[in-house]
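Residue numbers (the working numbering): 612 to 814.
Note that beta-carbon positions come from the ideal geometry of N, C-alpha and C, so glycine has one too.
Notes to accompany the following structure.
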Ligand SMILES: [Zn+2]
């Protein structure tokens with residue numbers, strides 16, 4: 612078959628086999644590739660592994676079939692996060708994100724890191740309250756948080772996972788800020804489990 616879109620990357624072959632079976636049950640042809648080219652969307656597929664590939668016109672249905680959550684981020688929101696991450700370097704940057712009723716980020720409020728540290732962050736209750744007020748005034752809610760990793764990859768650290776993260780929030784991470792090409796990635800963190808949410812930055 613002519614396949615041209617990666618829908619998921621797994622660490623082990625058996626997980627990819629299960630994904631292919633799930634896709635087949637929904638009438639979507641898929642194949643597995645073990646290539647390590649680095650991904651069609653490096654903002655998401657930053658790890659190499661066993662890739663599940665579908666036809667491009669099936670990719671939206673395939674995400675639904677596999678239960679892969681996606682979030683679309685306006686370019687100016689992403690830009691603000693990257694700029695704030697650079698400004699705060701070598702410490703972690705942080706901020707809160709207002710989302711609309713469809714879950715799309717509508718604004719980002721870049722905040723001060725109360726810890727002023729390279730490996731952790733704290734948002735003050737006052738700034739959190741201010742962000743809530745700002746969102747309420749625009750019929751939005753604060754539904755996501757972002758922070759940067761100055762020198763490590765954009766993946767939740769042990770502290771991020773164990774830090775009492777709000778299970779209903781999206782967690783955006785930018786990193787490594789010191790690297791030539793920091794990435795923005797997004798995660799759900801629930802009960803110690805991390806699930807990646809595919810980020811698309813709108814241009
Ligand atoms: Zn972190």
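Continuous beta strand (DSSP E) stretch holding residue i: start and end
| i | result |
| --- | --- |
| residue 722 | 716-722 |
| residue 681 | 681-684 |
| residue 804 | 804-812 |
| residue 758 | 752-759 |
| residue 704 | Neither: residue 704 is in no beta strand (DSSP E) and is coded neither H nor E. |
Per-residue burial, residue i [other beta carbons within 10 Å of its own, 16 or more giving buried]
| i | result |
| --- | --- |
| residue 778 | exposed |
| residue 701 | exposed |
| residue 638 | exposed |
| residue 740 | exposed |
| residue 662 | buried |
Under the three-state DSSP convention, the category residue i falls into
| i | result |
| --- | --- |
| residue 623 | coil |
| residue 631 | helix |
| residue 732 | coil |
| residue 744 | helix |
| residue 697 | helix |
| residue 788 | coil |
| residue 739 | helix |
| residue 689 | helix |
| residue 636 | helix |
| residue 727 | coil |
| residue 667 | helix |
| residue 617 | strand |
| residue 642 | strand |
| residue 660 | coil |
Among the options, nearest to residue i - alpha-carbon criterion
| i | options | result |
| --- | --- | --- |
| residue 620 | 811, 785, 803, 674 | 674 |
| residue 668 | 616, 746, 705, 707 | 616 |
| residue 811 | 697, 716, 734 | 716 |
| residue 680 | 814, 803, 802, 796 | 796 |
| residue 783 | 643, 644, 703, 639 | 703 |
| residue 624 | 636, 672, 660 | 660 |
| residue 787 | 693, 772, 720, 780 | 693 |
| residue 802 | 780, 809, 785 | 780 |
Spatial distance of residue i from residue j (CA atoms)
| i | j | result |
| --- | --- | --- |
| residue 764 | residue 633 | 30 angstroms |
| residue 677 | residue 790 | 32 angstroms |
| residue 714 | residue 757 | 15 angstroms |
| residue 736 | residue 670 | 41 angstroms |
| residue 655 | residue 664 | Legend: pLDDT at residue 655 = 49, less than 50; position of this residue unreliable, value from coordinates given subsequently. Approximately 15 angstroms, taken between the alpha carbons. |
N-terminal and C-terminal residue of the alpha helix (DSSP H) that residue i is part of
| i | result |
| --- | --- |
| residue 798 | No alpha helix (DSSP H) contains residue 798, which is instead part of the beta strand (DSSP E) from 794-801. |
| residue 676 | 670-677 |
| residue 772 | 769-773 |
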